[in-house]
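**Q**
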Amino acid sequence: MALAYQATRGCRALWLDSAVPEKNNSSLARTKGTPTSVPPILEAHQLTKRFGDFDAVKGIDLSIDRGESFGFLGPNGAGKTSTMRMISAVSRPSSGTLRIFGLDPTTSGPEIRARLGVVPQEDTLELELSVRKNLEMFARYFDLPRRVARERASELLAFAQLSEREHDKVDNLSGGMKRRLTIARALINRPDLLILDEPTTGLDPQARHLLWERLYRLKRDGVTLIITTHYMDEAEQLCDRLVVMDHGTIVAEGAPRALIERHSTREVLELRFSVDDHAQFDNLFSDVAERVEVLPDRILLYVDHGDAALQKVHDLGLTPTSALVRRSSLEDVFLRLTGRTLVE
Amino acid sequence: MEPRISPAQGWSRGRRSWWYHASFYTQTWRGSAASTILFPFLYLTSLGVGVGHLVQRHTGLVQGQTYLHYIAPSLLATTAMTMGESESLWPVLASVKWLKTYHAAVATPLSPVDVLVGKLSWVTTKTFATSVIYTVAISLFGATRSWWALTLPFIGALVALAFSAPLVAYAAGAESDASFTTIYRFAFIPMFLFSATFFPIASYPRVLRPLVQLFPLYHGVALARAAAFGQGSLPAISVHLAVLVAMVLVGLWWGRRTMTRRLVD
Ligand SMILES: Nc1ncnc2c1ncn2[C@@H]1O[C@H](COP(=O)(O)OP(=O)(O)OP(=O)(O)O)[C@@H](O)[C@H]1O
Ligand SMILES: [Mg+2]
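Structure (structure tokens):
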């Protein structure tokens, strides 16, 4: 088992070096479908986290393959961070089994963490120190020699587009820059598995897209990513496979498109009327749509053909103030499965 | 927490945390080293020579010493306490709660105990180095009379650790810094003033003397004085040492609990 991991660790060394021409990463390609040859990078069975008498994570099962981008999508309080902290080999599971790189985190924590990169929900940077020092000093936690630390810091500063700010105090960076620095710091040990807890929450769209682009690169270079988010577009963009979490349990699992196909219709017609409460429209559309969701500010009609449905709405003699036809998204999957919207 | 790790590996991780704290200090000290060197000279000149002159006129020698020589060892002990204390409350709460940099540390091969060991060993190193400077300074003022004075840096480091260990433990479990100022005002200032620092215990009212002996700093000051003058009985010295070592051990045990609860539960 250990040998299989070592084989791929050799290739990783190249993934940050932009001077080296694109390396053939086929050996790092997803191994789904051939689960017998390579064991999963992470496996959890009935994983539970209890705080006092409150269960934040209620017995979840996971199996994540090497090279995969795996997402946790869920609203506030779903238990995403609690799960991330357990699979980072930091917080101890209350019950259930967990194997990371085939190792048990309760007995092999340091070995596991030596091969992980962790981007916590909150940036945990040294605000008083320079951007570069944050990377170099963190490198020492992994016992990297000073020279290696300096070299990797330079590489990662370029990767995070922070080379120009390397001598600035972290305190003076923007939120997006701090986030990129946190990601760069998580890569200092060239991890096999990168765990990101809400990497882009609180960033403006431009900063988010820049971050996504950086994460794509890592993914392309074969790094296994585990990402939590409550942005459905982020989950759709970045994840090969994801689980929808709610109240500490997994309510659905699959590839983003597959989940949408399984749990929603092809299109959604969103209607708004000039009324205070849309609840009065509750029963009106049962002939128009397969499924109707009435939200406080709008009505969602789940249909295969949005335009045809809108025509039917007009035929009913109704005139919405706005009507929008769009493709179904993970947001709709979530609404379907939990009866709630992701972002309140 | 990680039974399969050999002691050597655990030691290596503690060293990495020590190194982190040390390099954090060298990144942020901003001239505090200069004031560390100047302070004992200013202090001994103003209090020792100035106040000492008055004391000399009114009461003569204090326990057989000039006033300057009497207070010089206590300067070393109180400085060690202050250093141990200042490194341990706000900086630790910042690391576990405000900046959460200790959370970042335990996401690496380090465990909470490694972070604790690194922190405390750094405080010890730093106070040891400062105590060397202070030992030189008080020797220049002629306040050391014995080769035992060579143990002063170790005493300084022990005093700092005796305060630092329980305070780090406390701060690691604290939810806010509201209590810190209270601790400072009602524990440290009185301890600083009334640990037989500036006047001998014999000059306290008889009923208060046992109270003074409850102050940990009293034992640090007494040890420093015994070392500087090369005097003191073995039983008394053993008691002083035992009190300080006990504080270290309690602090380690408690700190292991609060750090673990805070960082990995
Ligand atoms: N240390 C703790 N002690 C007690 N309860 C906790 C602790 N950490 C988390 N919880 C609770 O566990 C639940 C799940 O929290 P968690 O942080 O895992 O959610 P999340 O999905 O990451 O949410 P968010 O999107 O807001 O980050 C919440 O109800 C939270 O209050
Ligand atoms: Mg969270």
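Chains P and L, in that order, are what the protein sequence lines are.
Counting in this note's numbering, the first sequence runs from 948 upward without gaps.
Counting in this note's numbering, the second sequence runs from 1311 upward without gaps.
Using N, Cα and C, we set each Cβ at its ideal position, and we do this for glycine too.
No experiment lies behind these values; they were computed from the predicted model shown.
Quick check on the DSSP output: the alpha helix (DSSP H) that includes Lys996 (chain P) runs from which residue to which?
**A** Counting along the chain, Lys996 (chain P) sits inside no alpha helix (DSSP H); it lies in the beta strand (DSSP E) bounded by residues Leu989 to Phe998.
**Q** CB of Val1004 (chain P) to nearest heavy atom of ligand 1: below 8 Å?
**A** yes
**Q** With 9 Å as the threshold, decide whether the Cβ of Trp1432 (chain L) is near any Cβ in chain P.
**A** Interface with chain P (9 Å Cβ-Cβ cutoff): Trp1432 (chain L) is excluded.
**Q** Taking its Cβ as the centre, do 16 or more other Cβ atoms sit within 10 Å of Pro1152 (chain P), making it buried, or is it exposed?
**A** Pro1152 (chain P) is exposed by the Cβ-count criterion.
**Q** Counting only Cβ pairs nearer than 7 Å, list the residues of chain L close to Arg1137 (chain P).
**A** Per Cβ cutoff of 7 Å: no residues; Arg1137 (chain P) is ~13 Å from chain L at best.
**Q** Please confirm whether Val1583 (chain L) has its beta-carbon closer than 9 Å to some beta-carbon of chain P.
**A** One cannot answer for residue 1583 (chain L) here, as it falls past the ends of chain L, which runs 1311 to 1575.
**Q** How far does the alpha helix (DSSP H) with Lys1080 (chain P) in it extend, from its first residue to its last?
**A** Val1078 to Tyr1088
**Q** Might you give, ordered along the chain, the residues of its own chain that have their beta carbon closer than 6 Å to the beta carbon of Ala1003 (chain P), omitting 5 neighbours on each side?
**A** Lys996, Gly1026, Ser1029 and Gly1195
**Q** DSSP has Leu1172 (chain P) in a bridge; who is on the other side?
**A** Note: Leu1172 (chain P) is bridge-paired with P:Ser1016 and P:Leu1141 in the DSSP secondary-structure output.
**Q** Just tell me which of P:Arg1079, P:Arg1032 and P:Ser1010 has its CA closest to the CA of Leu989 (chain P).
**A** P:Ser1010
**Q** Give me, in chain order, the residues of the same chain whose beta-carbon lies closer than 6 Å to that of Gly1561 (chain L); leave out the 5 immediate sequence neighbours on both sides.
**A** Contacts found: Ala1475, Pro1476 and Ala1479.
**Q** May I ask you to list the residues that DSSP assigns as paired with Val1241 (chain P)?
**A** P:Ile1246
**Q** If we call anything under 9 Å between Cβ atoms a contact, is Val1190 (chain P) one with Ile1130 (chain P)?
**A** For the 9 Å CB-CB criterion, Val1190 (chain P) and Ile1130 (chain P) do not form a contact.
**Q** How is the alpha helix (DSSP H) around Asp1262 (chain P) delimited, first residue to last?
**A** Gly1253 to Asp1262
**Q** Identify whether Ala1061 (chain P) lies in helix, strand or coil by the three-state DSSP scheme.
**A** helix
**Q** In the DSSP assignment, what are the bridge partners of Met1192 (chain P)?
**A** P:Ile1197
**Q** Report the partner residues of Val1215 (chain P) according to the DSSP bridge assignment.
**A** P:Tyr1249 and P:Arg1273
**Q** In this structure, does DSSP put Asp1002 (chain P) in helix, strand or coil?
**A** strand
**Q** Assign Phe1525 (chain L) to buried or exposed, taking buried as 16 or more other Cβ atoms, counted over all protein chains shown, within 10 Å of its Cβ.
**A** buried
**Q** If I measure Cβ to Cβ from Leu1143 (chain P) and keep anything under 6 Å in the same chain, skipping five residues before and after, which residues do I get?
**A** Val1066 and Ile1174
**Q** For chain L, check one thing: does any of its Cβ atoms lie closer than 9 Å to the Cβ of Ser974 (chain P)?
**A** Low per-residue confidence applies at Ser974 (chain P): pLDDT is 40, beneath 50, and the placement is therefore not dependable, though the value from the model is reported in the following sentence. No, Ser974 (chain P) does not count as interfacial toward chain L.
**Q** Any beta carbon from chain L within less than 9 Å of Pro1076 (chain P)'s own beta carbon?
**A** Here residue 1076 (chain P) turns out to be Leu, not Pro, going by the sequence shown. Nearest CB-CB separation between Leu1076 (chain P) and chain L: below the 9 Å threshold.
**Q** Pick out whichever of P:Pro1022, P:Pro1040 and P:Gly1024 has its Cα sitting closest to the Cα of Asp1008 (chain P).
**A** P:Pro1040
**Q** In three-state DSSP terms, what is Asp1223 (chain P)?
**A** coil
**Q** Is the beta carbon of Leu1399 (chain L) less than 9 Å from the beta carbon of Ala1481 (chain L)?
**A** yes
**Q** Is there at least one Cβ from chain P nearer than 9 Å to Lys1410 (chain L)'s Cβ?
**A** yes
**Q** Answer yes if the region 1192-1206 of chain P comes into contact with the region 1280-1290 of chain P, meaning at least three C-beta pairs across the two stretches below 8 Å, and no otherwise.
**A** yes
**Q** Which first and last residues belong to the alpha helix (DSSP H) in which Gly1043 (chain P) is found?
**A** Note, Gly1043 (chain P): premise wrong, no alpha helix (DSSP H); beta strand (DSSP E) at Ser1042 to Ile1047.
**Q** What alpha helix (DSSP H) runs, 4 residues minimum, are completely inside the region 1511-1574 of chain L?
**A** 1519-1524, 1526-1539 and 1544-1574
**Q** Which residues neighbour ligand 4 when neighbourhood means a C-beta less than 7 Å away from any of its non-hydrogen atoms? List them by chain order.
**A** Ligands present in the displayed structure are limited to ligand 1 and ligand 2, and ligand 4 is not among them.
**Q** Under the rule that 16 or more other beta-carbon atoms within 10 Å means buried, what is Pro1510 (chain L), buried or exposed?
**A** Exposed is the call here.
**Q** Pick out the complete alpha helix (DSSP H) segments inside the region 1088-1143 of chain P, 4 residues or longer, and give them in chain order.
**A** Counting only runs of 4 or more, we get 1093-1106 and 1122-1133.
**Q** Give me the Cα-Cα distance between Ala991 (chain P) and Met1033 (chain P), rounded to the nearest whole angstrom.
**A** 10 Å
**Q** Starting from Ser1322 (chain L), find everything on chain P with Cβ-Cβ shorter than 8 Å and list it in chain order.
**A** Asp1090
**Q** From which residue to which residue does the alpha helix (DSSP H) around Trp1400 (chain L) run?
**A** Counting along the chain, the alpha helix (DSSP H) containing Trp1400 (chain L) begins and ends at Trp1400 to Leu1403.
**Q** By alpha-carbon positions, which one of L:Met1393, L:Glu1485, L:Val1531 and L:Val1359 ends up nearest to Leu1503 (chain L)?
**A** L:Val1531
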